[in-house]
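Residue numbers (the numbering used here): 2 to 159.
A virtual CB, placed ideally from N, CA and C, is assigned to each residue, including glycine.
Data block below; observations after.
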Ligand SMILES: [Cu+2]
């Protein structure tokens, strides 16, 4: 850890309690957003939503300038066949986590302006019932990726 990082961490440690008194921080956090590289004009985004608050919230919608439309999807087994279907919202329990990951819930991007290429980044805005809009930057990983590469790299550097 560099000296600068240490200093900014110290600053955060002092500032956060003060900020907490003046204004409640947003309890919803969106972690590790990533997408798979897409062969065509349809893509999937995965991420983790954490709720540090005492009240449940709901992810209602997502939007991004790189796609004509974006839907919340889940995957279910129908006999031996995995099927995707749109869901109205994704609940995030108080002090809970909602995980969007391969084989489960995901954000479906349709009518992509261009196929998603590994190494690309694009903005995504998530709309929550209580927390409002939260914008994140999505990293595009390889077509076969099962998780965000940045997370693994981070861990190796420490
Ligand atoms: Cu889907």
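query, result
"Closest by C-alpha distance to residue 100, when choosing among 70, 56, 54 and 76", "76"
"Length of the line joining the Cα atoms of residue 138 and residue 125", "6 Å"
"Short Cβ contact (8 Å threshold) for residue 27 with residue 94", "no"
"Span separating the alpha-carbon of residue 53 from that of residue 29", "6 Å"
"Coil, strand or helix - residue 131 by DSSP", "coil"
"Contact set for residue 85: own chain, Cβ-Cβ below 6 Å, skip 5 residues either direction", "74 and 76"
"Nearest-angstrom Cα separation, counted from residue 47 out to residue 104", "10 Å"
"Residue 58 classed as buried or exposed, judged by whether at least 16 other C-beta atoms fall within 10 angstroms", "buried"
"Alpha carbon of residue 116 to alpha carbon of residue 62, nearest angstrom", "22 Å"
"Cut-off 6 Å between Cβ atoms - residues of its own chain near residue 43, not counting five sequence neighbours on either side", "111"
"Residue 127 classed as buried or exposed, judged by whether at least 16 other C-beta atoms fall within 10 angstroms", "buried"
"Where residue 37 sits in the DSSP three-state scheme", "strand"
"Exposed unless 16 or more other CB atoms sit within 10 angstroms - verdict on residue 65", "buried"
"DSSP-derived helix/strand/coil call for residue 75", "strand"
"Coarse secondary structure for residue 112, derived from DSSP in three states", "strand"
"Any non-hydrogen atom of ligand 3 within 7 Å of residue 38 CB", "As presented, the structure is devoid of ligand 3, carrying ligand 1 as its sole ligands."
"Entirely enclosed beta strand (DSSP E) segments - the segment 75-108, minimum 3 residues", "82-87, 91-93 and 98-101"
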